[in-house]
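Read through the structure below, which is laid out as structure tokens, and then see the notes.
Residue numbers (the numbering used here), protein chains in the order written: chain B, 1 to 369; chain V, 1001 to 1302.
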């Protein structure tokens, strides 16, 4: 008798679970979006993994792509650029998102670009720049708006050589701004981060005398306080008056922090989608053919160009994925690179790709087979 | 004998037990205070956590969409969507883990209690002890080494289940062992005396008697593995869409749903993180309560 009671209980639980399985829904659309207007919709599943710097950008893209292609699923796990590339090479994911292009020189006996080519059945893997994320120098100084920094002064602040906000060096480039005597509290990323590397690339590229450390994912500075992830440093600055840090633009704006204008020598440039996009226009393509690895000119003196920009790539096989995946991948990347999608990314704190780069990326996507 | 009976019959003299000395009374009070203080300290973090999670996560749980929709197409800065994909993932993985782990664990326990003697039993028991002490990340990496590195397979929900099996087996073995030991030997002997063979005794007498205890142990084991995060981080990549296929594609689970937006700066995403945490707590709590109810409903009758 006892046993049958339990059997009944178990079957009720099982039936409940089955009912639950049946009633879930993937449809979160608000009803406004219809089917794809630009072509037939695709189906299947595409998996990506990598850079957390592009997480919010690619999620926006996946969201709009999913609206147009209800049968297609794109997953992206923001586990970090290193893990993304490793799992791409290990055939665990179909594409990788990375803050830096595949390395062509050997690290620990492995050449990333070669390993990726092996994964793609002997075809080279391409770095396609699809997300441009400006890095903001974010500060917390109530009453001070429109602070301007030069690469030299920024280097000295982050190295701890300038200790207070009313230091004459800061005052000299901020005429007409009343600076308080608050102590400067530097916050940096305690975890390994592409943001850290790109920010250092900017400092060493534009102020090589002031910033002598070799850019890497680890913060080399001796002063300040380390915090994990972009949110950690942004929160840190928010909680301490006089705090300063570097973080993706969206973290600075969502935490209501001040964003410094950058003066590379051609006047102070405010951070906008446009001014950050201009930095990409000035970048030269370092890769061959359709491999669109970009080399940014950090020391650019072009007016209206915000120079601290982080480019994240989607790393894809030029050939070698099975046919269904290739169709889906191309369709997704096309959507990613389209002008509409790119300009929509500004809402999430990213800079749209300039038209010139969009064209190049589109050519590369067409060449994937 | 007679002296003893006389002693118990005669009026008891004022014994020290009736009126404890002042020193003992103080010690008693001190011990009481110490125990209650320790209890209070232990309860603070529990209440604090529960309060915080309920405070920040409860409002989303009242939205029916939370229980029926996935996060597909929902970005961090937008509110909406639900946790259905993660709930179903967690439940499916837990169910499959239980289907694999429970028979192995119960049979191991039966062996240890009913059959095991000598060196082999001691070794098995020792191994179960070692398994108990294995950190979940080690179990996950072991399965990764087998599943991905050696066999070259993709990371799927079933691989997560395998890692969870490693974590669940020792818990269920130990609890089942205790339950089987509680079955009075007289029952077994009575059965033998009637000429019932040993295997039949175990299945008809021992197991039914300890059934509720075993079920409780299984449910507690399930509750423990449902919150495990390390195997999911390594073997179960997150997906925002519903996936009920354990052998293909990324599969969401509540811990990975929490992890995905953990460092997000947008409020809607953070609210969902808290709500997912509360959902996980509620699921585990429901399992725990179910375990207790089953245990109370049918206690081993003596």
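Here a beta-carbon is modelled for each residue, glycine too, at the ideal position from N, C-alpha and C. Small disclaimer: the values here were computed from a predicted structure and weren't measured.
From which residue to which residue does the beta strand (DSSP E) around residue i run?
i              : result
residue 246(B) : 243–248
residue 428(B) : Because residue 428(B) is not part of the residues shown, which for chain B are 1 to 369, the question remains open.
residue 316(B) : 309–317
residue 262(B) : 261–263
residue 393(B) : Limits of chain B in this structure are 1 at one end and 369 at the other, which puts residue 393(B) out of reach.
residue 46(B)  : 44–50
residue 226(B) : 225–227
residue 82(B)  : Not the beta strand (DSSP E): residue 82(B) falls in the alpha helix (DSSP H), residues 81–89.
residue 98(B)  : 95–98
Do residue j and residue i come within 8 angstroms of each other at the CB atom, strictly closer than that value?
i               : j               : result
residue 1090(V) : residue 1283(V) : yes
residue 1094(V) : residue 1285(V) : no
residue 370(B)  : residue 109(B)  : Not covered by the structure: residue 370(B). The range shown for chain B is 1 to 369.
residue 292(B)  : residue 127(B)  : yes
residue 385(B)  : residue 243(B)  : Any answer about residue 385(B) is impossible in this case: the structure gives chain B only from 1 up to 369.
residue 1276(V) : residue 1083(V) : yes
residue 1098(V) : residue 1218(V) : yes
residue 1237(V) : residue 56(B)   : no
residue 121(B)  : residue 320(B)  : yes
residue 182(B)  : residue 164(B)  : yes
residue 354(B)  : residue 202(B)  : no
residue 349(B)  : residue 132(B)  : no
residue 1230(V) : residue 1137(V) : yes
residue 1043(V) : residue 1242(V) : no
residue 84(B)   : residue 51(B)   : yes
If you run the structure through DSSP and keep just helix, strand and coil, what is residue i?
i               : result
residue 1002(V) : With a pLDDT of 46 at residue 1002(V), under the threshold of 50, the modelled position of this residue cannot be trusted; read the value that follows with caution. Three-state result, residue 1002(V): helix.
residue 32(B)   : Bear in mind that the predicted position of residue 32(B) carries a pLDDT of just 43, short of 50, making it unreliable; the figure below should be weighed with that in mind. Looking at residue 32(B) - three-state DSSP - the assignment turns out to be coil, as it is neither helix nor strand.
residue 25(B)   : strand
residue 1228(V) : coil
residue 138(B)  : strand
residue 230(B)  : helix
residue 1291(V) : helix
residue 1059(V) : helix
residue 126(B)  : strand
residue 1183(V) : coil
residue 2(B)    : In this prediction, residue 2(B) scores a pLDDT of 48, lower than 50, which makes its location untrustworthy; the coordinate-derived value is nonetheless stated afterwards. DSSP places residue 2(B) in helix when its eight states are reduced to three.
residue 149(B)  : strand
residue 169(B)  : helix
residue 37(B)   : With a pLDDT of only 46 at residue 37(B), under the threshold of 50, the placement of this residue in the model should not be trusted; the figure read from the coordinates follows. Three-state DSSP puts residue 37(B) in coil, outside helix and strand.
residue 1139(V) : helix
residue 294(B)  : strand
residue 269(B)  : strand
Between which two residues does the alpha helix (DSSP H) holding residue i run?
i               : result
residue 1089(V) : 1084–1110
residue 967(V)  : Nothing about residue 967(V) can be reported from this structure: the residues present for chain V run from 1001 to 1302 only.
residue 117(B)  : 112–119
residue 349(B)  : Premise fails: residue 349(B) is in no alpha helix (DSSP H) and is neither H nor E.
residue 186(B)  : Residue 186(B) -> not in any alpha helix (DSSP H); beta strand (DSSP E) instead, spanning 185–189.
residue 337(B)  : 323–337
residue 1118(V) : 1118–1133
residue 200(B)  : 194–206
Using the C-alpha atoms, what's the distance from residue j back to residue i?
i               : j               : result
residue 139(B)  : residue 180(B)  : 13 angstroms
residue 1174(V) : residue 130(B)  : 53 angstroms
residue 1064(V) : residue 1279(V) : 13 angstroms
residue 210(B)  : residue 112(B)  : 32 angstroms
residue 228(B)  : residue 1085(V) : 28 angstroms
residue 65(B)   : residue 1057(V) : 29 angstroms
residue 226(B)  : residue 193(B)  : 12 angstroms
residue 1264(V) : residue 1246(V) : 28 angstroms
residue 246(B)  : residue 1257(V) : 27 angstroms
residue 334(B)  : residue 362(B)  : 7 angstroms
residue 99(B)   : residue 1135(V) : 32 angstroms
residue 1107(V) : residue 1180(V) : 11 angstroms
residue 358(B)  : residue 305(B)  : 18 angstroms
residue 92(B)   : residue 216(B)  : 26 angstroms
residue 1240(V) : residue 344(B)  : 21 angstroms
residue 41(B)   : residue 195(B)  : 35 angstroms
residue 279(B)  : residue 169(B)  : 26 angstroms
residue 322(B)  : residue 1047(V) : 53 angstroms
Return the Cβ separation of residue i and residue j in integer angstroms, given the expectation that the two are a contact with Cβ distance under 8 angstroms.
i               : j               : result
residue 1116(V) : residue 1124(V) : 7 angstroms
residue 315(B)  : residue 95(B)   : 6 angstroms
residue 46(B)   : residue 325(B)  : 7 angstroms
residue 303(B)  : residue 295(B)  : With 8 angstroms as the limit, residue 303(B) and residue 295(B) do not qualify as a contact, their Cβ atoms being about 21 angstroms apart.
residue 283(B)  : residue 297(B)  : 6 angstroms
residue 69(B)   : residue 1073(V) : Wrong, their Cβ atoms sit about 11 angstroms apart, outside the cutoff.
Is any heavy atom of the ligand SAM found at a distance shorter than 7 angstroms from the C-beta of residue i?
i               : result
residue 1154(V) : The ligand SAM is not part of this structure, which contains no ligands at all.
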